[in-house]
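K.L.:
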Amino acid sequence: MVIFQYFYFEYLINLYQFYYLIHSCESIRTIPCDYALCCMFLPGDHLVLIGCKNGSLQIASLDSASIVETVQGHEENQSVWTMCMTPDRQSFLSGGSDKKIQFWNFELKDEKDDNSKKVRKRLSFEQKRSFDIGEDVLALKITPNNRYFVAALMDTTVKVFFMDSCQMFLSLYGHSQPVLCLDISSDSRLVITGSSDRNIKIWGLDFGDCHRSLFAHDDTITAIQFVPKTHLFFSVSKDNRLKYWDADKFLHIQTLDGHCGEIRCMSITNNGMHIVTAAHDRSIRLWERTEEPLILDEEKEQEREAQFENEMENDEFILPGETNKEIGLATLKTIESLKGAESIIESLDIWREEKLKLAEHETTQKALGKEIPSPPPHIMLQALGSGYTAERFVLESLRKISASDLEATLLLLPFDYVQKLLSLLIYYLDRFQSPELCIKCAVFLIKIHHGVLTTSHQYLNIVEQLRTHCIDTVEKLRNNVGFNLAGLKLIQRQIEEQNDVILFADATQKLTSNETKKKRKKGKSSATILTIKGTSALA
Numbered sequence: 011m012v013i014f015q016y017f018y019f020e021y022l023i024n025l026y027q028f029y030y031l032i033h034s035c036e037s038i039r040t041i042p043c044d045y046a047l048c049c050m051f052l053p054g055d056h057l058v059l060i061g062c063k064n065g066s067l068q069i070a071s072l073d074s075a076s077i078v079e080t081v082q083g084h085e086e087n088q089s090v091w092t093m094c095m096t097p098d099r100q101s102f103l104s105g106g107s108d109k110k111i112q113f114w115n116f117e118l119k120d121e122k123d124d125n126s127k128k129v130r131k132r133l134s135f136e137q138k139r140s141f142d143i144g145e146d147v148l149a150l151k152i153t154p155n156n157r158y159f160v161a162a163l164m165d166t167t168v169k170v171f172f173m174d175s176c177q178m179f180l181s182l183y184g185h186s187q188p189v190l191c192l193d194i195s196s197d198s199r200l201v202i203t204g205s206s207d208r209n210i211k212i213w214g215l216d217f218g219d220c221h222r223s224l225f226a227h228d229d230t231i232t233a234i235q236f237v238p239k240t241h242l243f244f245s246v247s248k249d250n251r252l253k254y255w256d257a258d259k260f261l262h263i264q265t266l267d268g269h270c271g272e273i274r275c276m277s278i279t280n281n282g283m284h285i286v287t288a289a290h291d292r293s294i295r296l297w298e299r300t301e302e303p304l305i306l307d308e309e310k311e312q313e314r315e316a317q318f319e320n321e322m323e324n325d326e327f328i329l330p331g332e333t334n335k336e337i338g339l340a341t342l343k344t345i346e347s348l349k350g351a352e353s354i355i356e357s358l359d360i361w362r363e364e365k366l367k368l369a370e371h372e373t374t375q376k377a378l379g380k381e382i383p384s385p386p387p388h389i390m391l392q393a394l395g396s397g398y399t400a401e402r403f404v405l406e407s408l409r410k411i412s413a414s415d416l417e418a419t420l421l422l423l424p425f426d427y428v429q430k431l432l433s434l435l436i437y438y439l440d441r442f443q444s445p446e447l448c449i450k451c452a453v454f455l456i457k458i459h460h461g462v463l464t465t466s467h468q469y470l471n472i473v474e475q476l477r478t479h480c481i482d483t484v485e486k487l488r489n490n491v492g493f494n495l496a497g498l499k500l501i502q503r504q505i506e507e508q509n510d511v512i513l514f515a516d517a518t519q520k521l522t523s524n525e526t527k528k529k530r531k532k533g534k535s536s537a538t539i540l541t542i543k544g545t546s547a548l549a
């Protein structure tokens, strides 16, 4: 037995029911029924028609929360996949895996009330005719002008039939997998189909031509529906997303994320202000249209950024010659590492440009034999202030990168920029500028690009200079640390002699004395407890 909750039904389109959904968001009815596959409200909005997996059609009363009638509408154990009501709400169609489309008319039946024994009218239905279509029927829709009905079949085609004679009018083919959902615009001009091939196709109902095929989702499309009185439509899929489209301009307007599981059904209100979606994450979401203007360029830019970040998280660096190891560098790209690499590349370009300008200036001076004004620095250097050199600009770009992102940033640098940076690191080490940072960068870059750097005499010269400068710089750092340590010890001795105190006493001595005191205290307390027990026993 499958339990269907009132607000969980697929077609949430009447204002009475929608009032409860918006203002309370609580289940007001739970109705036991057979395994349900589709459902819709009947005229009057107090009864719900349910299509079941066993081929039966059941009428559920929302007032009594019970099944009031069951009819074997299709062959036994043949699923009822779809149902749709005519625009005049006087009849409906049903289709299923028995390869038949059944036509039904609503009627009023006499029903005797058990309590009052009065006879009252109740809405029911009776079969009008049956149409054998030859394939499983997965989706059905009737045009708003009541002229055609459209059926999606298991053979991947969508066929259009005349409503009165059941003669085929058009055959829409193009999907590579079965169409699971379809809808017709309010003016009966467009048909949209969604398939498990992840494509949405927009068809013209006059000639059956395909206006456009859109690769819409990353998984099977489960539901699709026009906004009433427009050519805008929404689609949902197993990729957990709700998407908004324009069928005239063939544009993707917006993507709405929120569900954590496959979205299986969707319904839009008659005024198009609200959408209800239900998914496998056991949640029902209510979406409301806002008055905020939507700018397509901004939406596309946000989607591109989200897609880029997603690809970046799953993308890893591949180092030539690197073997597959379980332990290696943390090589996932991040936004911070990309920004850091871009800033280093930009600063190196400025440094290179300034270097070429100065070389050209010196050549011109020698050719003219007189001094000429120096060329103005780059506009970025001018903005940072007078005396701000290109070398300092590159060093500041390195300093701004956090230690956690430094290695990932250096991995993103192209090799020609690596060569420029190594040359500048020699310049910084020679002047003892940020020696720890420069040595860290130099060692990492040489380790990563060792194979290329050791195959050319030009690069070997750079590596040799870096080796010499690194050794000298480390030795200078050691001397500085030793000198500072000796100075601190001298200051300590002077303070101790002047004040007759001992600074920074040995922690081990203090710990030993504390442990001795604790043992003595524990011994005294233990002896006292034994004495009390002995006194009590004697008494």
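In my numbering, the protein residues as written are 11 to 549.
For glycine and all other residues, C-beta sits at the position ideal for the given N, C-alpha and C.
Could you check if residue 165 is buried or exposed, using at least 16 other CB atoms within 10 Å of its CB as the buried criterion?
P.N.:
When all chains shown are included, residue 165 counts as exposed.
K.L.:
Quick check: the region 231-239 against the region 201-219, are at least 3 beta-carbon pairs closer than 8 Å?
P.N.:
With a cut-off of 8 Å, the region 231-239 and the region 201-219 count as touching, because enough Cβ pairs lie within range.
K.L.:
Grab the span of the alpha helix (DSSP H) containing residue 504 for me, first residue to last.
P.N.:
First-last of the alpha helix (DSSP H) with residue 504: 467-509.
K.L.:
In whole angstroms, what is the alpha-carbon distance linking residue 185 and residue 409?
P.N.:
So the two alpha carbons sit approximately 56 Å from each other.
K.L.:
State the start and end residues of the unbroken beta strand (DSSP E) segment that holds residue 233.
P.N.:
Where residue 233 is concerned, the enclosing beta strand (DSSP E) stretches over 231-236.
K.L.:
Give every residue of the same chain whose Cβ lies closer than 6 Å to the Cβ of residue 153, excluding the five residues on either side of it in the sequence, and list them in chain order.
P.N.:
The residues are 194 and 198.
K.L.:
Going along the chain, which residues of its own chain have a beta-carbon closer than 6 Å to the beta-carbon of residue 122, five neighbours each way excluded?
P.N.:
Closer than 6 Å at the Cβ level, and outside the excluded window around residue 122, lie 129.
K.L.:
If I measure Cβ to Cβ from residue 331 and keep anything under 7 Å in the same chain, skipping five residues before and after, which residues do I get?
P.N.:
Only weak support exists for where residue 331 lies, its pLDDT of 48 falling under 50; the value from the coordinates is given anyway. Excluding sequence neighbours, residue 331 sits near 461.
K.L.:
Do the region 388-402 and the region 411-427 make contact, defined as three or more Cβ pairs closer than 8 Å?
P.N.:
Contact fails: fewer than three Cβ-Cβ distances are below 8 Å.
K.L.:
As a quick exercise: from 67, 115 and 433, pick the residue whose alpha carbon is nearest that of residue 95.
P.N.:
Taking only the C-alpha atoms, the option nearest residue 95 is 115.
K.L.:
Alpha carbon to alpha carbon, what distance is there between residue 226 and residue 268?
P.N.:
Roughly 18 Å separates the two Cα atoms.
K.L.:
Tell me the rounded alpha-carbon separation between residue 159 and residue 111.
P.N.:
Taking the straight line joining both Cα atoms gives about 11 Å.
K.L.:
In whole angstroms, give me the CA-to-CA distance for residue 365 and residue 258.
P.N.:
When rounded, the distance between both Cα atoms is 56 Å.
K.L.:
What's the gap between the Cα of residue 431 and the Cα of residue 356?
P.N.:
For residue 431 and residue 356, the distance between alpha carbons rounds to 12 Å.
K.L.:
List the DSSP bridge partners of residue 288.
P.N.:
In DSSP, residue 288 forms a bridge with 275 and 294.
K.L.:
Can you name the residues that DSSP bridges to residue 395?
P.N.:
None, per the DSSP bridge assignment.
K.L.:
Within the continuous alpha helix (DSSP H) that includes residue 409, where are the two ends?
P.N.:
Unbroken alpha helix (DSSP H) run through residue 409: 400-409.
K.L.:
Tell me the residue span of the alpha helix (DSSP H) that contains residue 373.
P.N.:
Run containing residue 373: 345-378, per the alpha helix (DSSP H) assignment.
K.L.:
Return the Cβ separation of residue 88 and residue 106 in integer angstroms, given the expectation that the two are a contact with Cβ distance under 8 Å.
P.N.:
The Cβ separation is near 5 Å, so the contact holds.
K.L.:
What does a CB cutoff of less than 8 Å around residue 335 pick up in its chain, not counting 5 residues either side in sequence?
P.N.:
Low local confidence applies: a pLDDT of 49 at residue 335 is under 50, so the model's placement there is unreliable, and no value is given.
K.L.:
Does residue 335 come out as helix, strand or coil in the three-state DSSP assignment?
P.N.:
For residue 335, the pLDDT reaches just 49, beneath the cut-off of 50, and the residue's location in the model is therefore unreliable, although a value from the coordinates is still provided. It is coil, neither helix nor strand.
K.L.:
Ignore the nearest five residues each way along the sequence and tell me which others in residue 150's own chain have a CB closer than 8 Å to its CB.
P.N.:
Closer than 8 Å at the Cβ level, and outside the excluded window around residue 150, lie 92, 93, 94, 103, 104, 105, 111, 159, 160, 161 and 162.
K.L.:
Taking only three categories from DSSP, how would you classify residue 302?
P.N.:
Here residue 302 sits in coil by DSSP.
K.L.:
If you follow the alpha helix (DSSP H) that residue 419 is part of, which residue opens it and which one closes it?
P.N.:
Here the alpha helix (DSSP H) through residue 419 covers 413-421.
K.L.:
Once you ignore the five residues that flank residue 73 on each side, which residues in its own chain have a CB closer than 8 Å to its CB?
P.N.:
If we look at residue 73 and ignore the five residues flanking it on each side, its Cβ neighbours are 56.
K.L.:
Which stretch, first to last residue, makes up the alpha helix (DSSP H) that contains residue 450?
P.N.:
First-last of the alpha helix (DSSP H) with residue 450: 445-458.
K.L.:
Which whole runs of the beta strand (DSSP E) in the region 165-236 are 3 residues long or more, in chain order?
P.N.:
168-172, 178-182, 189-194, 200-205, 209-214, 220-225 and 231-236, all fully within the region 165-236.
K.L.:
Which residues bound the alpha helix (DSSP H) around residue 616?
P.N.:
A question about residue 616 goes unanswered here, because the residues of the chain that appear run from 11 up to 549.
K.L.:
Where are the beta strand (DSSP E) runs, 3 residues long or more, that stay fully inside the region 86-155, in chain order?
P.N.:
If we require 3 residues or more, the beta strand (DSSP E) runs fully inside the region 86-155 come out as 90-95, 101-106, 110-122, 129-142 and 147-152.
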